[in-house]
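Undergrad: Structure incoming, see below.
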Amino acid sequence: MADAIAKAARKDTQHARPPSSYMHVEGAKRGELDWLWMVLHTGVNPSWPLVDEQGSSAPCGFGHATIGASDLCPADFGPAGRGVRSTSRSVTIDTELPCSVVVKMATYNALTLKGQTQMAAVEEQFWRLGLHVVGLQEGCADMRPVVNGYHYHKFCGPAPGGQLGCQLWVAKFCGGPGCEGLKHDAKAFSIVHADPRIVAVAGRHHGMRVTYVAAHAPTVAATDDTAHEWWWQLRDVMRKAPRGHVPCLMVDANARFDCSVDGGKCSRESAVGRNAGLFCDFLEDCSMRPTNVVDCFGNPVCSWISPQGRPDCIDYVCVPVEWQPSLVTLGVPDDFVDETSGYDHSPVCASVTVLPHIRTEPRADRYNVDEMRTQEGRQQMAQILCSLPRTPWHVDVDSHLDLINTHIQQAIAKVFP
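Take the sequence shown: its position 356, counted from the start at 1, is 355 in numbering that gives the first Met the number 0, and no numbers get skipped.
Okay, here's the thing in structure tokens:
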């Protein structure tokens with residue numbers, strides 16, 4: 000972490016800027032911050048390593064300690080939750096460390112990603128743009144469900160007959176060149192839904208539980224029944240998000256809004272046509288907000304050029320309403336090059352600043368195990384297990400287990416303090 004901060008400072012010596020938050024996030028996750036006490040207390044005890052000015056362990060011999068081993072204990076200064084109790088003093092460590100994170104997302108109707116050369120070029124450009132998550136439509140390539148790309152983990156929906164096919168790309172690292180601090184494992188994600196027009200992936204990303212969804216709505220040429228049925232299907236997919244997960248949607252909505260109305264926001268006042276109205280209904284039902292049809296500088300966003308040559312925005316990145324204040328419409332990148340760019344679809348980029356909670360291991364409560372093993376303790380434990388609350392049949396399995404665990408933990412803490 001110190002090396003990353005030094006490199007960031009060296010890159011911009013004229014403008015003093017705080018280092019990116021990923022450095023602090025990584026330091027907290029790896030437990031590096033918990034062990035900074037070692038630098039101040041090096042040489043205190045012969046059982047502890049010596050630390051030099053560069054933060055590396057230095058060779059040490061016997062006899063350098065100035066305080067006896069019985070006077071201090073690593074638990075007095077070290078990380079909590081390691082199962083070691085100190086009777087001499089207690090250290091209070093906040094178990095939730097708020098740290099703002101900027102997540103950059105994009106949605107892109109690629110029309111086709113069958114060629115390896117095209118896919119590699121698109122992937123490299125997304126990486127250069129520093130995008131963490133990309134939702135793609137019309138990949139038109141029947142690929143394996145999970146593909147290990149060079150910069151991105153790729154989660155793919157089916158593309159029967161080489162048609163349609165949505166994909167979600169999640170950056171392996173924090174995103175962008177030089178941001179190799181946060182590494183994301185493909186095993187941390189799972190596909191919760193996949194069909195030719197929708198793919199949803201749930202997992203942990205940037206310290207958050209999220210469900211990313213890439214979707215492709217029917218065009219204006221589709222019948223009313225087809226359009227209504229698809230938007231209700233998308234609602235059902237959003238409800239499949241595991242408990243406690245935050246949904247984010249990258250969609251080719253085939254919905255147009257008048258950028259001269261309502262300040263370029265996607266609203267019922269600026270909606271044009273049936274699809275825009277259905278899109279607004281969906282956003283209201285799911286409590287989500289989309290990117291605007293004008294970027295953060297007030298310029299119209301053009302993500303699609305019609306066969307008649309008319310530019311429009313029909314692609315959107317949607318986030319929960321709670322994230323709307325920090326949602327920034329970055330628009331279409333100027334230097335993005337693809338086979339379809341300039342005459343059909345272009346990617347729409349957005350960023351959102353969120354405040355996840357990076358949880359460290361709290362100090363585990365120690366119960367009186369010896370008392371539990373007595374005859375009276377065994378009877379009390381049996382009473383605790385027999386007094387489990389009745390749970391209605393409609394409660395989901397996660398909530399059911401949470402009720403059981405909460406009851407047992409609270410009862411044990413009360414009976415065996």
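Backbone N, C-alpha and C fix where the C-beta goes; we use that ideal spot for every residue, glycine too.
In the DSSP assignment, what residue or residues form a beta bridge with Y435?
TA: In the structure as shown, the chain begins at 0 and stops at 416. Residue 435 is therefore absent and cannot be evaluated.
Undergrad: Report back the beta-carbon spacing between I407 and I383 to the nearest angstrom; my notes put them in contact at under 8 Å.
TA: Counting from one through the sequence shown, the residue named residue 407 turns up at place 408. Counting from one through the sequence shown, the residue named residue 383 turns up at place 384. The pair is a contact, with the Cβ atoms about 6 Å apart (cut-off 8 Å).
Undergrad: With DSSP as the reference, please indicate the residues paired to D311 in a beta bridge.
TA: Counted from its first residue, the sequence shown places residue 311 at position 312. Partner(s): W303.
Undergrad: So if DSSP puts M287 in a beta bridge, which residue, or which two residues, is it bridged to?
TA: Here residue 287 refers to the residue found at position 288 when the sequence shown is read from its first residue. M287 pairs with P319.
Undergrad: Below 8 Å on the Cβ atoms is my contact criterion, and I expect V219 with G276 to pass it. Report the Cβ-Cβ distance as a whole number of Å.
TA: Along the sequence shown, read from residue 1 onward, the residue named residue 219 stands at position 220. Along the sequence shown, read from residue 1 onward, the residue named residue 276 stands at position 277. With 8 Å as the limit, V219 and G276 do not qualify as a contact, their Cβ atoms being about 12 Å apart.
Undergrad: Ends of the beta strand (DSSP E) at A193?
TA: As a working note, residue 193 is residue 194 in the sequence shown. A193 -> beta strand (DSSP E) spans F188 to D194.
Undergrad: Are the CB atoms of S302 and C317 nearer to each other than 8 Å?
TA: The count along the sequence shown starts at 1 and reaches residue 302 at position 303. The count along the sequence shown starts at 1 and reaches residue 317 at position 318. Going by C-beta atoms, S302 is not nearer than 8 Å to C317.
Undergrad: Can you tell me whether P416 is buried or exposed, with buried defined as 16 or more other CB within 10 angstroms of its CB?
TA: Looking up residue 416 in the sequence shown gives position 417. Per the 10 Å Cβ criterion, exposed.
Undergrad: Could you give the residue range of the beta strand (DSSP E) that holds Q166?
TA: Counting from one through the sequence shown, the residue named residue 166 turns up at place 167. Where Q166 is concerned, the enclosing beta strand (DSSP E) stretches over Q166 to A170.
Undergrad: Do you know how far the Cα of P241 is from the Cα of V396?
TA: As a position in the sequence shown, residue 396 is number 397, starting the count at 1. As a position in the sequence shown, residue 241 is number 242, starting the count at 1. Approximately 11 Å between the Cα atoms of the pair.
Undergrad: Determine which residues share a DSSP beta bridge with F256 and list them.
TA: Residue mapping note: residue 256 aligns to position 257 of the sequence shown, counting from 1. Per DSSP, A270.
Undergrad: What is the C-beta distance between A426 and L135, in whole angstroms, given that I count them as a contact (C-beta under 8 Å)?
TA: An answer regarding residue 426 cannot be provided, because it is not within the stretch 0 to 416 covered by the chain.
Undergrad: Count the other CB atoms, across all protein chains shown, that sit within 10 Å of the CB of Y149; report buried if there are 16 or more and exposed otherwise.
TA: Along the sequence shown, one-based indexing puts residue 149 at 150. Y149 should be labelled exposed.
Undergrad: State the Cα-Cα distance for the pair A410 and H399, rounded to the nearest angstrom.
TA: Here the question's residue 410 lines up with position 411 in the sequence shown. Here the question's residue 399 lines up with position 400 in the sequence shown. Rounded to whole angstroms, A410 to H399 spans 17 Å at the Cα level.
Undergrad: For V351, name the three-state secondary structure that DSSP assigns.
TA: Taking the first residue of the sequence shown as 1, we reach residue 351 at position 352. The answer is strand: DSSP assigns V351 an E or B state.
Undergrad: To the nearest angstrom, report how far apart R234 and Y211 are at their CA atoms.
TA: As a first step, residue 234 must be located in the sequence shown, where it is residue number 235. As a first step, residue 211 must be located in the sequence shown, where it is residue number 212. In a straight line, the C-alpha of R234 is about 14 Å away from that of Y211.
Undergrad: Just curious, the alpha helix (DSSP H) that C385 is in, first and last residue?
TA: For this step, residue 385 is matched to residue 386 along the sequence shown. Run containing C385: Q374 to C385, per the alpha helix (DSSP H) assignment.
Undergrad: Please state if the CB of Y315 and the CB of V347 are separated by a distance shorter than 8 Å.
TA: The residue given as residue 347 occupies position 348 in the sequence shown. The residue given as residue 315 occupies position 316 in the sequence shown. Contact: yes.
Undergrad: Quick check on the DSSP output: the beta strand (DSSP E) that includes V210 runs from which residue to which?
TA: Mapped onto the sequence shown, residue 210 falls at position 211. Looking at the sequence provided, one finds Thr at residue 210 rather than Val. Segment M207 to H215, the beta strand (DSSP E) holding T210.
Undergrad: Quick check on this structure: which residue in V336, L163, A187 and T390 has the alpha carbon closest to the alpha carbon of A170?
TA: On the sequence shown, residue 170 is found 171 positions in, with the first residue counted as 1. A170 has its Cα closest to that of A187, out of V336, L163, A187 and T390.
Undergrad: Do you know offhand how far Q379's Cα is from V368's?
TA: Walking along the sequence shown from the start, residue 379 turns up at place 380. Walking along the sequence shown from the start, residue 368 turns up at place 369. Distance between the alpha carbons of Q379 and V368: 13 Å.
Undergrad: Does the distance from the C-beta atom of V351 to that of V331 stay below 8 Å?
TA: If you number the sequence shown from 1, residue 351 lands on position 352. If you number the sequence shown from 1, residue 331 lands on position 332. Not a contact, by the Cβ cut-off of 8 Å.
Undergrad: Pick helix, strand or coil for L127, following the three-state DSSP scheme.
TA: Indexing the sequence shown from 1 puts residue 127 at position 128. Note that residue 127 is Arg in the sequence shown, not Leu. In this structure, R127 counts as helix in the three-state DSSP scheme.
Undergrad: Mind reading off the beta-carbon distance from V245 to R208? Whole number of angstroms is fine, and I expect it under 8 Å.
TA: For the purposes of this step, residue 245 is taken as the residue at position 246 of the sequence shown. For the purposes of this step, residue 208 is taken as the residue at position 209 of the sequence shown. The pair is a contact, with the Cβ atoms about 7 Å apart (cut-off 8 Å).
Undergrad: Please confirm whether K153 and Q162 have their CB atoms less than 8 Å apart.
TA: Translated into positions along the sequence shown, residue 153 becomes position 154. Translated into positions along the sequence shown, residue 162 becomes position 163. Taking 8 Å as the Cβ cut-off, K153 and Q162 do not qualify as a contacting pair.
Undergrad: So Y450 and E123 are in contact, right, with Cβ under 8 Å, and what is the actual spacing, rounded?
TA: Summary: the structure shown does not reach residue 450, with the chain confined to residues 0 through 416, and so no result is reported for it.
Undergrad: Could you tell me which residues DSSP pairs with L248 in its beta bridges?
TA: Taking the first residue of the sequence shown as position 1, residue 248 is located at position 249. Bridge partners of L248: V212 and C317.
Undergrad: Are N108 and D251 touching if we call contact CB-CB under 8 Å?
TA: As a working note, residue 108 is residue 109 in the sequence shown. As a working note, residue 251 is residue 252 in the sequence shown. It is a contact, given that the beta carbons lie within the stated cut-off.
Undergrad: Use the C-beta contact count for C385: other C-beta atoms within 10 angstroms, 16 or more gives buried, fewer gives exposed.
TA: Taking the first residue of the sequence shown as 1, we reach residue 385 at position 386. Exposed: under 16 other Cβ atoms inside 10 Å.
Undergrad: Please say whether T111 and C139 have beta carbons closer to each other than 8 Å?
TA: The residue you call residue 139 lines up with position 140 of the sequence shown. The residue you call residue 111 lines up with position 112 of the sequence shown. Yes, Cβ-Cβ distance for C139 and T111 is below 8 Å.
Undergrad: Thinking C-alpha only, which one of S325, Y366 and A185 is nearest A412?
TA: By 1-based counting over the sequence shown, the position of residue 412 is 413. Nearest C-alpha to A412: Y366.
Undergrad: How would you call V394, buried or exposed, if buried means at least 16 neighbouring beta carbons within 10 angstroms?
TA: Reading the sequence shown from its first residue, position 395 is the one you call residue 394. V394 should be labelled exposed.
Undergrad: Check each candidate in F278, Q232 and F256 and name the one with the smallest Cα separation from A270.
TA: In the sequence shown, residue 270 corresponds to position 271, counting from 1. That would be F256, whose Cα lies nearest to the Cα of A270.
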